[in-house]
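Participant:
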Amino acid sequence: MDNLKNILSGLSTDVDQETLLQYLQGKLTDEQRQAVEEKLMDNSFEEDAMEGLQEFKDKQQISYVVEALNRDLKRKVEKKKKRRDKMKLKVQSTLYIVILIFILLIVFSYWIIHKMLQP
Amino acid sequence: MAIFPVVNTEKYESLSDQQLLDKFYADHDNTWLGIILQRYTLLLLGVCMKYLKNEEEAKDSVQQIFLKVIQELHKYKVEYFKSWLYMVAKNHCLMKLRSGHGKISAELHNEMIAAPEEEDKAEIALTEKTLDLMKASLEELNNEQRQCVTLFYLDKKSYQHISEETGFSMMQVKSYIQNGKRNLKILIEKKLKQGSSK
Numbered sequence: 001m002d003n004l005k006n007i008l009s010g011l012s013t014d015v016d017q018e019t020l021l022q023y024l025q026g027k028l029t030d031e032q033r034q035a036v037e038e039k040l041m042d043n044s045f046e047e048d049a050m051e052g053l054q055e056f057k058d059k060q061q062i063s064y065v066v067e068a069l070n071r072d073l074k075r076k077v078e079k080k081k082k083r084r085d086k087m088k089l090k091v092q093s094t095l096y097i098v099i100l101i102f103i104l105l106i107v108f109s110y111w112i113i114h115k116m117l118q119p
Numbered sequence: 001m002a003i004f005p006v007v008n009t010e011k012y013e014s015l016s017d018q019q020l021l022d023k024f025y026a027d028h029d030n031t032w033l034g035i036i037l038q039r040y041t042l043l044l045l046g047v048c049m050k051y052l053k054n055e056e057e058a059k060d061s062v063q064q065i066f067l068k069v070i071q072e073l074h075k076y077k078v079e080y081f082k083s084w085l086y087m088v089a090k091n092h093c094l095m096k097l098r099s100g101h102g103k104i105s106a107e108l109h110n111e112m113i114a115a116p117e118e119e120d121k122a123e124i125a126l127t128e129k130t131l132d133l134m135k136a137s138l139e140e141l142n143n144e145q146r147q148c149v150t151l152f153y154l155d156k157k158s159y160q161h162i163s164e165e166t167g168f169s170m171m172q173v174k175s176y177i178q179n180g181k182r183n184l185k186i187l188i189e190k191k192l193k194q195g196s197s198k
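As you go down the protein sequences, you meet chains A and B in turn. At position 108 of the first sequence the residue is numbered 108 (my numbering), and the sequence of numbers has no breaks. At position 8 of the second sequence the residue is numbered 8 (my numbering), and the sequence of numbers has no breaks.
(1) Does the beta-carbon of V107 (chain A), which I'm using as the reference point, lie nearer than 7 Å to any heavy atom of the ligand SAH?
(2) Under 7 Å between beta-carbons, which chain A residues line up against M49 (chain B)? List them in chain order, please.
(3) What distance in whole Å lies between the Cβ atoms of L187 (chain B) and E140 (chain B), which are believed to be in contact at a cut-off of 8 Å?
(4) So for I104 (chain B), helix, strand or coil by DSSP?
(5) Would S16 (chain B) pass as an interface residue toward chain A - the criterion being a Cβ-Cβ separation below 8 Å?
(6) With a threshold of 8 Å between beta-carbons, can F108 (chain A) be considered close to chain B, or not?
(7) Quick check: the stretch 64-74 of chain A against the stretch 36-45 of chain B, are at least 3 beta-carbon pairs closer than 8 Å?
(8) Could you name the residues of the same chain whose beta carbon sits closer than 6 Å to that of L133 (chain B), not counting the 5 residues immediately before and after it, in chain order?
(9) Please report how far the alpha carbon of S175 (chain B) lies from the alpha carbon of C48 (chain B), in whole angstroms.
(10) Using a beta-carbon distance below 8 Å, is I70 (chain B) in contact with chain A?
(11) Taking the alpha helix (DSSP H) that K68 (chain B) belongs to, which residues open and close that run?
(12) Step through the CB atoms of chain B and report whether any lies within less than 8 Å of the CB of Q17 (chain A).
(13) Do K75 (chain B) and Q34 (chain A) have their C-beta atoms within less than 8 Å of each other?
(14) In whole angstroms, give me the CA-to-CA distance for L73 (chain B) and I36 (chain B).
(15) So, with DSSP's three-state summary, where would you put K77 (chain B)?
(16) List the residues of chain B that L89 (chain A) touches, going by C-beta distances under 8 Å, in chain order.
(17) Check whether the Cβ of T166 (chain B) lies closer than 8 Å to any Cβ atom in chain A.
(18) Taking the alpha helix (DSSP H) that G52 (chain A) belongs to, which residues open and close that run?
(19) Y51 (chain B) and L97 (chain B) look like a contact to me (Cβ under 8 Å); what is the Cβ gap, rounded to whole Å?
(20) Return helix, strand or coil for T29 (chain A), following the three-state DSSP convention.
(21) Identify, in the order they occur along the chain, each residue of the same chain with its Cβ nearer than 7 Å to the Cβ of S109 (chain A), setting aside the five sequence neighbours on each side.
(22) At the level of alpha carbons, what is the spacing between F168 (chain B) and G180 (chain B)?
(23) Suppose you measure from the CA of D14 (chain A) to the CA of I162 (chain B); what does that come to, to the nearest Å?
(24) Do we get a CB-CB distance below 8 Å when we pair V66 (chain A) with the residues of chain B?
(25) Is any beta-carbon of chain A found at less than 8 Å from that of H161 (chain B)?
(26) So with CB distances below 7 Å, who are the chain A contacts of S158 (chain B)?
(27) How would you list, in chain order, the residues of chain B whose beta-carbon sits under 7 Å from the beta-carbon of L104 (chain A)?
(28) Could you spell out the range, first to last residue, of the alpha helix (DSSP H) harbouring E165 (chain B)?
(29) Excluding the 5 residues flanking D120 (chain B) on each side, which residues of the same chain have their C-beta closer than 6 Å to its C-beta?
(30) Do you know whose CA, among B:F152, B:Q64, B:D27 and B:F66, lies nearest K88 (chain A)'s CA?
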């Protein structure tokens, strides 16, 4: 009866990437394979991905490709972050200079007025 | 969640995509995007490979999608990241195919707030009555569909196992299960409707 419920449930949970990779590399038991396939049935993203991944000639290479892509992603994220930090620093320095000039102007004006008022 | 993470994600594993996205929208720090995106590297690679049928182009496309997401995401409020990313990936590949694998010019504005797919997700209340109806409806499916649905859902056999047992190809098995499941739902809904109109 419980198994019957699964046909209609439509409640899909995500399959983690590690399990998908094991599935592709044939490292799962028949029962585990069925569980993955059942979850994929309700996840278009994962299902499409699995279809594509099965077309890779060397399934063992997929891990290295993913690792290289993640490394590239890290570079992209850091580059953007560095550029943002640089911009932030630039804006901050400009702000400090403007404040300093403003303070100097006030001090100078005070000094001039003070001199003029002296007998 | 991510395999071979390059961005250190261990302490953020318990955070959902939505929580990470909220953090990104709060401080616009791309590190958050790095953590979310590497959860999907394998899936993106698979989707690109499915459409482009070329390993090198699939890899290049994943890199381009990463860049696009990093450049574009701060401009819009995305509600369902996974669905949105899937749509971005599909659009990217389709645009690439359309432009003869040339430079792409995909616009990401449309359907930014893509909701999770609703297809086949309409829930039927799982009562005793529904389960009885399901048993009856299962008998109404054609032989191939009934055989594959039974072996897959009730006997918990994998596609490969069913293929070996029945002699159907893996693609046929998958198709019989998908169609069988859809037909089963239609039959039950029809029976429930008839029952309520009586």
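Idealized CB from N, CA, C, for every residue including glycine. All of these numbers come straight from a predicted model, not from anything done at the bench.
Facilitator: So, to answer that:
(1) No copy of the ligand SAH appears in this structure; indeed no ligand is present at all.
(2) Within the second sequence, residue 49 (chain B) is the residue found at index 49, counting from 1. G52, L53, E55 and F56, listed in chain order.
(3) As a working note, residue 140 (chain B) is residue 140 in the second sequence. As a working note, residue 187 (chain B) is residue 187 in the second sequence. Indeed they touch by this definition, with Cβ atoms about 6 Å apart.
(4) Taking the second sequence and counting its residues from 1, one reaches residue 104 (chain B) at position 104. Any reading at I104 (chain B) needs caution, since the residue's pLDDT is 44, under 50, leaving its predicted position unreliable; the model's value is listed next. Here I104 (chain B) sits in coil by DSSP.
(5) In the second sequence, the residue the question calls residue 16 (chain B) occupies position 16. Not an interface residue.
(6) Locating residue 108 (chain A) in the first sequence gives position 108, counting from the first residue. No, F108 (chain A) lies away from the interface with chain B (no Cβ there is under 8 Å from its Cβ).
(7) yes
(8) Within the second sequence, numbered from 1, the residue matching residue 133 (chain B) stands at position 133. The answer, listed in chain order, is I188 and K191.
(9) As a first step, residue 175 (chain B) must be located in the second sequence, where it is residue number 175. As a first step, residue 48 (chain B) must be located in the second sequence, where it is residue number 48. Distance between the alpha carbons of S175 (chain B) and C48 (chain B) is about 22 Å.
(10) Start at 1 with the first residue of the second sequence, and residue 70 (chain B) comes out as number 70. Yes, because at least one Cβ of chain A sits closer than 8 Å to the Cβ of I70 (chain B).
(11) Locating residue 68 (chain B) in the second sequence gives position 68, counting from the first residue. Start and end: E55 to E72.
(12) In the first sequence, the residue the question calls residue 17 (chain A) occupies position 17. Cβ-Cβ to chain B under 8 Å: yes for Q17 (chain A).
(13) Locating residue 75 (chain B) in the second sequence gives position 75, counting from the first residue. Locating residue 34 (chain A) in the first sequence gives position 34, counting from the first residue. Taking 8 Å as the Cβ cut-off, K75 (chain B) and Q34 (chain A) do not qualify as a contacting pair.
(14) As a first step, residue 73 (chain B) is located in the second sequence; it is residue number 73 there, counting from the start. As a first step, residue 36 (chain B) is located in the second sequence; it is residue number 36 there, counting from the start. Each residue's alpha carbon lies about 12 Å from the other.
(15) What you label residue 77 (chain B) is simply residue 77 of the second sequence in a count that begins at 1. DSSP places K77 (chain B) in coil when its eight states are reduced to three.
(16) By 1-based counting over the first sequence, the position of residue 89 (chain A) is 89. What L89 (chain A) touches in chain B: nothing, since even the nearest Cβ is about 15 Å away.
(17) Sequence index remark: in the second sequence, residue 166 (chain B) carries index 166 (1-based). It does not; no Cβ of chain A falls within 8 Å.
(18) Walking along the first sequence from the start, residue 52 (chain A) turns up at place 52. Here the alpha helix (DSSP H) through G52 (chain A) covers S44 to L53.
(19) As a working note, residue 51 (chain B) is residue 51 in the second sequence. As a working note, residue 97 (chain B) is residue 97 in the second sequence. That belief holds up - the Cβ atoms of Y51 (chain B) and L97 (chain B) are roughly 7 Å apart, short of 8 Å.
(20) As a position in the first sequence, residue 29 (chain A) is number 29, starting the count at 1. Residue state, collapsed to three classes: coil.
(21) The count along the first sequence starts at 1 and reaches residue 109 (chain A) at position 109. Nothing listed; no residue qualifies.
(22) The residue labelled residue 168 (chain B) in the question sits at position 168 within the second sequence. The residue labelled residue 180 (chain B) in the question sits at position 180 within the second sequence. Approximately 15 Å between the Cα atoms of the pair.
(23) Residue mapping note: residue 14 (chain A) aligns to position 14 of the first sequence, counting from 1. Residue mapping note: residue 162 (chain B) aligns to position 162 of the second sequence, counting from 1. Using only the alpha carbons, I get a separation of about 24 Å.
(24) Counting from one through the first sequence, the residue named residue 66 (chain A) turns up at place 66. True, the Cβ-Cβ gap to chain B drops below 8 Å.
(25) Here residue 161 (chain B) is taken as the residue at index 161 of the second sequence, counted from 1. Yes, H161 (chain B) lies at the interface with chain A (some Cβ there is under 8 Å from its Cβ).
(26) In the second sequence, residue 158 (chain B) corresponds to position 158, counting from 1. Within chain A, the residues near S158 (chain B) are D30, R33, Q34 and E37.
(27) To locate residue 104 (chain A), count along the first sequence from 1; it is residue 104. What L104 (chain A) touches in chain B: nothing, since even the nearest Cβ is about 34 Å away.
(28) Reading the second sequence from its first residue, position 165 is the one you call residue 165 (chain B). Start and end: Y159 to T166.
(29) Numbered from its first residue, the second sequence carries residue 120 (chain B) at position 120. Its pLDDT being 47, under 50, D120 (chain B) is placed unreliably in this model, and the value from its coordinates should be taken loosely. If we look at D120 (chain B) and ignore the five residues flanking it on each side, it has no Cβ neighbours.
(30) Residue mapping note: residue 88 (chain A) aligns to position 88 of the first sequence, counting from 1. Ranking B:F152, B:Q64, B:D27 and B:F66 by Cα distance to K88 (chain A) puts B:D27 first.
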